[in-house]
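Here the sequence shown stands for residues 5 to 334, numbered as in our numbering. For glycine and all other residues, C-beta sits at the position ideal for the given N, C-alpha and C. This report concerns only the one structure given below.
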Amino acid sequence: MFPLSRGRRLRKTEAIRQMVAETHLSVSDLIAPLFVVEGNNKKEPIASLPGYYRFSVDRAVREAHFLFSQGIRAVLVFARIPVGKKDNTGKEALNPRGLLPRAIRAIKRAVPELCVMSDVALDPYSVYGHDGIVTGRQIDNDATLQVLAKMALLHARAGADFVAPSDMMDGRILKIREILEHHGYQHTGIMAYSVKYASGLYGPFRDALDSAPAFGDKKSYQMDYANAREAIREACDDVAEGADIVMVKPALAYLDIIWRVRQAVKVPVAAYQVSGEYAMVKAAAGKGWLHEQQAMLEILTAIRRAGADLIATYFVYDFLRLQGNENAAF
Ligand code: PBG
């Protein structure tokens with residue numbers, strides 16, 4: 005009770021504040037998304053993700069090298085598939101010489117200690133931009149599972165440390181775990197996008213991969229943002245099916261969900277600070293309406309405080325720049 009109790013004594017100096025900080029943000033908590041494209045020596049800007057790029061495999065390898073040298077421990081690789089290779093069966097997703105397996109192999113060969121995670125979903129390969137095979141106007145869950153499982157096996161063979169199914173089909177974790185076990189990949193992990201909401205914040209990512217849905221929306225498989233209990237169900241189901249890490253996505257508007265999932269499971273919880281979350285900060289900062297680094301650190305720390313062990317974020321470069329500059333003062 006005041007005046008015996010004075011909260012401000014613990015906020016008096018930077019040293020004290022650092023000593024009593026309850027949450028820490030470290031570069032090893034961050035997962036860097038990596039977009040790859042066909043071609044050589046390519047580094048393509050993405051208009052709606054300022055400061056973020058798509059790389060050809062050779063450049064992606066250099067990028068992976070750089071990120072690892074700066075302390076980043078994991079990349080999450082996504083491929084932009086040329087329109088001519090898209091269909092409704094996911095054929096290109098199962099091509100052993102496809103872009104994503106080539107990228108995984110090249111990165112793993114060049115930077116073997118880096119944890120390589122690969123996206124498993126059909127949307128970049130789908131003429132409809134949906135995460136599964138389309139029959140009529142429905143997304144066929146069980147037909148999609150067959151393709152996802154084979155895709156995961158292909159990535160494991162290419163050297164992925166973790167496959168990361170982002171599709172939200174029911175039962176895919178079990179199918180993937182089974183096929184990996186069956187082929188001797190019992191040490192390949194699964195980072196499940198267990199709690200993925202049908203969000204309005206994925207726009208810049210869909211620009212990056214040219215993967216916007218051609219009809220309808222993703223609400224029949226991604227979750228309704230009105231729901232929280234359902235998040236626990238999805239996360240627990242995925243753990244039971246063999247997920248090593250569960251993910252909540254997006255992050256900032258879902259801190260309560262991260263918190264609940266953190267309480268409900270014993271595996272690491274990742275949060276994906278998605279493209280729209282990054283774009284909002286960049287856009288406002290670009291207009292001079294907020295301080296970008298301050299906003300970034302506050303949001304990333306909040307995501308950690310809510311219970312995320314790992315954060316996939318497009319802010320990796322900004323975070324590294326900040327770390328390199330010890331005198332950065334806010
Ligand atoms: C699709 C996928 C999406 C993201 C990751 N994987 C978009 C979607 O579901 O349409 C979004 C990531 C981001 O916005 O940064 N499998």
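Rounded separation between Lys179 and Val24 - CA only: 45 Å
Margin query: I need the DSSP call for Arg101, collapsed to helix, strand or coil.
Written below: coil
In the DSSP assignment, the beta strand (DSSP E) including Ser122 goes from what residue to what residue?
Cys119 to Val124
Practice task
Note the first and the last residue of the continuous alpha helix (DSSP H) segment covering Pro208.
Solution key: Gly207 to Leu213
(request) For Ile262, collect the residues of the same chain with a Cβ closer than 8 Å to its Cβ; drop the 5 residues on either side in sequence, then sort them by chain order. (result) Val252, Ala255, Val273, Ala275, Ile307, Ala310, Gly311 and Ala312
task: Have a look at the DSSP bridge pairing and note the partners of Tyr201.
output: Met227
message = Does the distance between the C-beta of Leu149 and the nearest non-hydrogen atom of ligand 1 fall short of 8 Å?
response = no
Runs of alpha helix (DSSP H) lying entirely within the stretch 213-278, each at least 4 residues, in chain order = 233-245 and 259-268
**Message:** So Leu126 and Val81 are supposed to be a Cβ contact under 8 Å. How far apart are they, rounded?
**Reply:** Wrong, their Cβ atoms sit about 16 Å apart, outside the cutoff.
Comparing C-alpha positions only, which one of Leu213, Ala168, Glu18 and Tyr189 sits nearest to Leu152? Ala168
Do you know how far the Cα of Tyr129 is from the Cα of Lys95?
8 Å
* Asked: Cβ-heavy atom distance between Ser215 and ligand 3 below 8 Å?
  -> This structure lacks ligand 3; the ligands present are ligand 1.
Can you tell which of Ile194, Glu48 and Asp214 has the C-alpha that lies nearest to the C-alpha of Arg84? Asp214
Cβ neighbour criterion (16 or more within 10 Å) applied to Ile183 = buried
Report all residues from its chain with a CB closer than 6 Å to the CB of Lys222; omit the five preceding and five following residues, and keep chain order.
Ala202
Classify Tyr282 as helix, strand or coil using the three-state DSSP reduction.
-> helix
Expressed to the nearest angstrom, what Euclidean distance is found between the alpha-carbon atoms of His69 and Asp171?
28 Å
Around the C-beta of His134, are 16 or more other C-beta atoms found within 10 angstroms, so that it is buried, or is it exposed? buried
- Message: So the candidates are Leu104, Asp165 and Ala218; which of them puts its Cα closest to the Cα of Val120?
- Response: Asp165
Review point. Just reading off the alpha helix (DSSP H) that Ala162 is part of, what are its end residues?
Key: Asn145 to Ala162
Indicate, with yes or no, if ligand 1 has a heavy atom lying under 8 Å from the CB of Arg176.
-> no
Margin query: Nearest by alpha-carbon distance to Gly280: which of Lys16, Tyr318, Trp293 and Leu98 is it?
Written below: Tyr318
Taking Cβ positions, are Leu149 and Gly175 nearer each other than 9 Å?
yes
Exercise for review: Give a single yes or no on whether Val285 has its beta carbon closer than 8 Å to a heavy atom of ligand 1.
Suggested key: no
**Prompt:** Can you name the start and end residues of the alpha helix (DSSP H) that Phe323 belongs to?
**Reply:** Val320 to Gly328
Have a look at Ile249 and Asp33 and give me their C-alpha separation to the nearest angstrom. 13 Å
task: Could you tell me the distance, in whole angstroms, from the CA atom of Asp228 to the CA atom of Ile111?
output: 36 Å
For the stretch 281-290 against the stretch 231-247, are there 3 or more C-beta pairs whose distance is under 8 Å? no
Q | Residue span of the alpha helix (DSSP H) that contains Ser73, given as start and end | A | Val61 to Ser73
Would you say the beta carbon of Ser52 is closer than 8 Å to some non-hydrogen atom of ligand 1?
no
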